[in-house]
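In terms of UniProt numbering, the sequence shown opens at residue 303 and continues consecutively.
Don't be surprised by glycine CBs; every beta carbon is placed ideally from N, CA and C.
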Amino acid sequence: LAQLFRPLDMLGMVYRTIRQGLTDMAAMFDLIDTPAEITDKPGAPALAVSGGAVAFEDVRFGYDPDRQILNGVSFKIEPGHTLAVVGPSGAGKSTIARLLYRFYDITGGRITIDGQDLRDVTQSSLRSVIGIVPQDTVLFNDSIGYNIGYGREGSSQIEIEEAARGASIHGFVESLPEQYAAKVGERGLKLSGGEKQRVAIARTLLKNPPILILDEATSALDSRTESEIQATLERISERRTTIIIAHRLSTIVDADQIMVLDAGRVAEQGTHNELLRKGGLYAEMWARQQSEAEEEAVPSA
Ligand code: ATP
């Protein structure tokens, strides 16, 4: 009997790995067209993470051969530090996250985690150390408990509740008549943008990855929800190497480093104060967002 079940077990494992990978990717990227196939090198070892240092060295990449998107991007993130990536729409911010996840292979340069080239290690080991909190979380037509527990196969109810507490969604779930068994998704309860983001945070807490990618939602949540989520994200990014793709500069003032990307190049890099003093692109973006915020604060007649 065991002989009969072992292959089935394997199949289940393969299926779960693929499904996990696909959902992470689908959650983060629009899977409109199928990307070029990425394969592991024969005999590739698993990625060995010590501190989680991330480095891009002169990275070049284009989705199509005739259109370069990243034109030699270099940066380093020390283990446990946070890099915020900002810049105009289309600058290549999300592309950086996709490349770190090795959704595509680069055409020049090198991306490393703790000194290991991403192309030299297995994709499954790479993806197991990176957690993504996407702009828009994909929910399954299943219970909210299932949707949270999805962060790690085989999580217990206690672990799911602990992650939900960490993501400040436990109270909300408890208020539902069916609690963790409540159905969500297309055919169930519709969650708000903030609640969905908390589900993604809880999943990530269960996965407990040393490297985090936070893709800030473009559409603003109400300011109370936003500051609560912001506080949770700050908590979970402590001691983890974090890349934040930011649209609102107010959320990244405290980042260890801010990188301004413009047309696939690093235009500026530094802390918030350094970049303000520099009076360049970042300072301009900051001034613009400040005046927009003031305009919004003044009630129109
Ligand atoms: P935003 O702030 O609007 O999210 P971004 O800085 O994150 O923008 P990217 O999503 O990295 O920008 O896109 C960079 C460029 O690459 C854009 O011009 C975009 O049109 C192009 N691009 C993104 N995904 C693909 C794809 N799958 N195939 C072809 N081109 C793409």
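With 5 Å as the limit, the residues whose C-beta approaches a heavy atom of the ligand ATP more closely than that are Y365, I371, S391, G392, A393, G394, K395, S396 and T397, in chain order. For I503, the enclosing alpha helix (DSSP H) covers residues G495 to K509. Here Q425 is buried: its Cβ has 16 or more other Cβ atoms, across all protein chains shown, within 10 Å. Counting only the Cα atoms, T409 lies some 22 Å from A355. Taking the C-beta atoms as reference points, V351 is found nearer than 8 Å to P512. For E518, the closest C-alpha among the options A346, G374 and T439 is that of T439. Note on R526: under 16 other CB atoms within 10 angstroms of its CB, so exposed under the neighbour-count rule. Linking G364 to N510 through their CA atoms gives a straight-line distance of about 31 Å.
Residue environment for R500: buried (at least 16 other C-beta atoms within 10 angstroms of its C-beta).
For the options V555, R505 and L385, the alpha carbon positioned closest to that of Q459 is the one of R505.
A595 carries a helical assignment under DSSP once its states are collapsed to helix, strand and coil.
In this structure, the CA atom of R489 is about 43 Å from the CA atom of D368. Per DSSP, R412 lies in no alpha helix (DSSP H) segment; the continuous beta strand (DSSP E) that holds it begins and ends at G410 to I415. By the C-beta criterion, the stretch 446-461 is judged not to be in contact with the stretch 413-427, since fewer than 3 inter-stretch pairs fall below 8 Å. Closest in alpha carbon position to A533, among H574, F474 and A469, is A469.
For a cut-off of 8 Å, the C-beta gap from A483 to G447 is around 6 Å, short enough to register as a contact.
R404 and I340 do touch by the CB rule: their CB atoms are close to 6 Å apart, below 8 Å.
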